[in-house]
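Quick notes on the structure that follows.
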Amino acid sequence: MPRGTARVGRSDLDLLLVLREEPTEEDRADARSLDAALDKEFAQVDGSGTLLFSRTRLLSGPETHDLGWFVACLCTRLLGEDLAEYLPRYRPDSLLARETNGDLALFLPRWRERIADAADTEEARRPLVRFMSRHLVRTAFTLVMPRWNGWTSDLKEMAAVFAAYYPERAEEMRQAALLGHEPNSDTAVLRSYVDDLGPWLAEEYARVHGVKAPRPD
0 MPRGTARVGR
10 SDLDLLLVLR
20 EEPTEEDRAD
30 ARSLDAALDK
40 EFAQVDGSGT
50 LLFSRTRLLS
60 GPETHDLGWF
70 VACLCTRLLG
80 EDLAEYLPRY
90 RPDSLLARET
100 NGDLALFLPR
110 WRERIADAAD
120 TEEARRPLVR
130 FMSRHLVRTA
140 FTLVMPRWNG
150 WTSDLKEMAA
160 VFAAYYPERA
170 EEMRQAALLG
180 HEPNSDTAVL
190 RSYVDDLGPW
200 LAEEYARVHG
210 VKAPRPD
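Residue 117 in numbering that gives the first Met the number 0 sits at position 118 of the sequence shown; the count goes up by one each step and never skips.
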């Protein structure tokens, strides 16, 4: 969503395309090519990510409080039908928290593999630090979102809100918010995410909100 806070060369570009049919592997390959072309051609963009979903999937029951919420509340409609008309009015409750970020535990093994497979270069590690930092901060925020009873997309504010409820993890989350904007290439940071902060957050999330309902992918 355009908020006027993008910074040249430091802000990513996220696109969501809703198709009439289920996306094919060819569709996904085209999306990856588009992302690569945008990254290469425009220095203003620090990472482009295109998501593809079918209209049926997006409006399905299991996605109502995940993809549906994303479309209705976080996306700016530029072209086509406004699918928010078919979705409910959302509240920052435990159901929304569970269905948006209640799957961190599933990601951690994949993150460990990505860290292990990454080349031993700054260019390879910095994107991982950036991506994982942002994911952890957003998950930490939605953990406490129902108690805070609101929403923000600002990483620093997310970390500050979380800190009010979990002061013992406050400094770690503030650092993660900073690294979400200004990533380093420190392997120790990545290891701390998958060996300490991430597992703790996944366990606490499951305790408070439960685990996200399974998805086909």
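The beta-carbon is built from N, C-alpha and C at its ideal position, and this holds for glycine as well.
Host beta strand (DSSP E) of residue i (start-end)
| i | result |
| --- | --- |
| residue 184 | Neither: residue 184 is in no beta strand (DSSP E) and is coded neither H nor E. |
| residue 17 | 10-18 |
| residue 52 | 44-53 |
Three-state secondary structure assigned by DSSP to residue i
| i | result |
| --- | --- |
| residue 106 | helix |
| residue 63 | coil |
| residue 95 | helix |
| residue 214 | coil |
| residue 153 | coil |
| residue 31 | helix |
| residue 90 | coil |
| residue 58 | coil |
| residue 218 | This structure cannot settle anything about residue 218, because the visible part of the chain is limited to 0 through 216. |
| residue 41 | coil |
| residue 72 | helix |
| residue 25 | helix |
Cutoff 8 Å: residue i Cβ touching any chain D Cβ
| i | result |
| --- | --- |
| residue 19 | The structure shown contains no chain D, having only a single protein chain. |
Span separating the alpha-carbon of residue i from that of residue j
| i | j | result |
| --- | --- | --- |
| residue 35 | residue 17 | 20 Å |
| residue 15 | residue 25 | 16 Å |
| residue 136 | residue 54 | 29 Å |
| residue 86 | residue 199 | 33 Å |
| residue 28 | residue 39 | 17 Å |
| residue 74 | residue 152 | 12 Å |
| residue 88 | residue 145 | 15 Å |
| residue 20 | residue 72 | 23 Å |
| residue 57 | residue 93 | 20 Å |
| residue 190 | residue 211 | 25 Å |
| residue 42 | residue 158 | 28 Å |
| residue 202 | residue 97 | 12 Å |
| residue 182 | residue 125 | 6 Å |
| residue 116 | residue 84 | 43 Å |
N- and C-terminal bounds of the alpha helix (DSSP H) containing residue i
| i | result |
| --- | --- |
| residue 238 | As displayed, the chain neither begins before 0 nor continues past 216, which places residue 238 out of reach and without an answer. |
| residue 83 | Run containing residue 83: none; DSSP gives neither H nor E here. |
| residue 169 | 169-180 |
Buried versus exposed, by CB contacts within 10 Å (16 or more), residue i
| i | result |
| --- | --- |
| residue 148 | exposed |
| residue 197 | buried |
| residue 47 | buried |
| residue 23 | exposed |
| residue 214 | exposed |
| residue 10 | exposed |
| residue 60 | exposed |
Check: residue i C-beta below 7 Å from any heavy atom of the ligand MG
| i | result |
| --- | --- |
| residue 29 | No copy of the ligand MG appears in this structure; indeed no ligand is present at all. |
*Scan the region 107-140 and note each continuous alpha helix (DSSP H) run of 4 residues or more that stays entirely inside, going in chain order.*
Runs found: none.
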